[in-house]
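Residue numbers (the numbering used here): 22 to 423.
These notes are about the structure you will find just below.
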Ligand SMILES: Cc1ncc(COP(=O)(O)O)c(C=O)c1O
């Protein structure tokens, strides 16, 4: 029997790459594909203790239905963190969500009618593109470079189109690992305010800065209540908790809360209370310091290995934080085809093409460095360099060509 599916269902497709990457999840494959934090750094014992303490002390409340907005002390902790970064916030401005992914979905539900124009950096976060496709929005890609979105190109789109939302990952972007510069942050907010367009600031990686000083969040430059800020504990504690948040002005927040109520009533009470307990009882700042140090070492290991093992003429980004490096190979290598050979040789990455809205650059790839120790990063990049040499035999390799 053929069922008639909703129109939006056909707009959100699964890709051939996803199928190959399923194979890459086998334990014998050295995968740099997933956006996975280092599991050995999850504070497992502390999270266990926090859950036990909550169940012991407040078991009945922790297992009961609760409010859509989220657990008060957790919202207060998140609000205090916004204030520390120069954003006016109290607990009432925070909605606890099922990861920041749900924040993306809720913002799209509240702001986008079918056909509405959303501006994204090109390339952009794949699962955000899926959310916008499900909302039947029209995604307009704007070029970006190592300092983030091209503001002149953004200005031109705002002048030409009726833009309903600007979506940005300002810190250590997924997939490129690049950061929106301080000057461009000011320029983006001036443009957003001039055109009165909401800005969706998706910031899962901001706390993972291992080089340089933090830059002002877009929300701290917002004078008109236009910025919706998303954050998450996925990269700083553990993604399995599925806890993130939205910060937004009251006029938007009330609609986001109703949208969440319709989606799932509220996030798990036990996980929220245990996370609040954890944050009140363990040294979160010291934990973040460890994450930054380890990820900084792994990023350096990745950059060094790329220099040694990838073809001369490869361009790669040099992230100041986060989880990803983005590489652009010389010549007309199609990294989608390369992936098949690479998986055969037991090494994996994500081809760049699916991250592009519109015409993709097929010679690009995303590499995750947070999930493997430096010696495995070196081994993996050596293996991938070997695959590249076989795949494009006429490309000189730095390590060999000097
Ligand atoms: C840019 C960006 N936004 C949102 C998410 C979703 O993360 P979570 O829902 O676990 O908070 C991710 C995850 O990789 C991401 O890279």
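The C-beta atom is built at its ideal place from N, Cα and C for all residues, glycine as well.
All values reported here derive from a predicted model rather than from experimental measurement.
Three or more Cβ pairs drawn from the stretch 343 to 354 and the stretch 384 to 396 lie within less than 8 Å of each other, which places the two stretches in contact. Straight through space, the alpha carbons of residue 140 and residue 408 are spaced by roughly 36 Å. In this chain, residue 145 is not harboured by any alpha helix (DSSP H), its DSSP state being neither H nor E.
In chain order, the residues with a C-beta atom nearer than 5 Å to some heavy atom of ligand 1 are 56, 120, 121, 122, 146, 190, 195, 223, 225, 253, 255, 260, 265. One thing to note: residue 190 has its Cβ no nearer than 7 Å to the Cβ of residue 168. Between the beta-carbon of residue 207 and that of residue 242 there is about 6 Å, and that keeps the pair under the 8 Å contact cut. Residue 110 sits away from residue 249, with the two beta carbons spaced by 7 Å or more.
Nearest in C-alpha terms to residue 305, of all of 102, 86, 26, is 102. CA-to-CA, the gap between residue 100 and residue 225 works out to about 16 Å.
Residue 162 sits in a strand when the DSSP states are folded into three classes. Approximately 45 Å separates the beta-carbon atoms of residue 211 and residue 83; this is outside 8 Å, ruling out the contact. The residues 29, 135, in chain order, have a CB closer than 6 Å to that of residue 157 in the same chain once the five nearest residues on each side in sequence are set aside.
Counted as a single uninterrupted DSSP element, the alpha helix (DSSP H) harbouring residue 75 occupies residues 65 to 83. The beta carbon of residue 74 sits closer than 7 Å to the beta carbons of 298 from its chain, once the five residues preceding and following it are set aside; these are given in chain order.
Rounded to the nearest whole angstrom, the C-alpha separation of residue 259 and residue 368 is 25 Å. Distance from the Cα of residue 268 is smallest, within the candidate group 215, 61, 106, for 106.
In the DSSP annotation of this structure, the continuous segment of the alpha helix (DSSP H) that includes residue 399 starts and ends at 395 to 412.
For residue 54, the secondary structure class from DSSP, reduced to helix, strand or coil, is coil. Per the coordinates, the alpha-carbon of residue 179 lies some 30 Å from the alpha-carbon of residue 120. Straight-line measurement puts the Cα of residue 384 at about 7 Å from the Cα of residue 351.
Counting along the chain, no alpha helix (DSSP H) covers residue 224, and no H or E run does either. For the pair residue 53 and residue 370, the CB atoms are nearer than the 7 Å cut-off.
Within the model, the alpha-carbon separation for residue 285 versus residue 205 is close to 37 Å. Buried is the label assigned to residue 405, since at least 16 other Cβ atoms lie within 10 Å of its Cβ. The beta carbons of residue 316 and residue 229 sit about 6 Å from each other, so the pair counts as a contact at 8 Å.
Boundaries of the beta strand (DSSP E) harbouring residue 348: 345 to 349, taken from the DSSP string. As for any beta strand (DSSP E) of minimum length 3 sitting wholly inside the stretch 151 to 217, the runs are 159 to 166, 184 to 189, ordered along the chain.
In the DSSP assignment, residue 362 falls within the unbroken alpha helix (DSSP H) covering 356 to 365. Taking 7 Å as the cut-off, the beta carbon of residue 321 is found no closer than this to the beta carbon of residue 200. By the neighbour-count criterion, in which 16 or more other beta carbons inside 10 Å mark a residue as buried, residue 365 falls on the exposed side. When only Cα atoms are considered, residue 319 and residue 71 end up about 30 Å apart.
Taking all protein chains shown into account, residue 271 has fewer than 16 neighbouring C-beta atoms within 10 Å of its C-beta and is therefore exposed. About 7 Å separates the Cβ atoms of residue 264 and residue 293, confirming a contact at the 8 Å cut-off.
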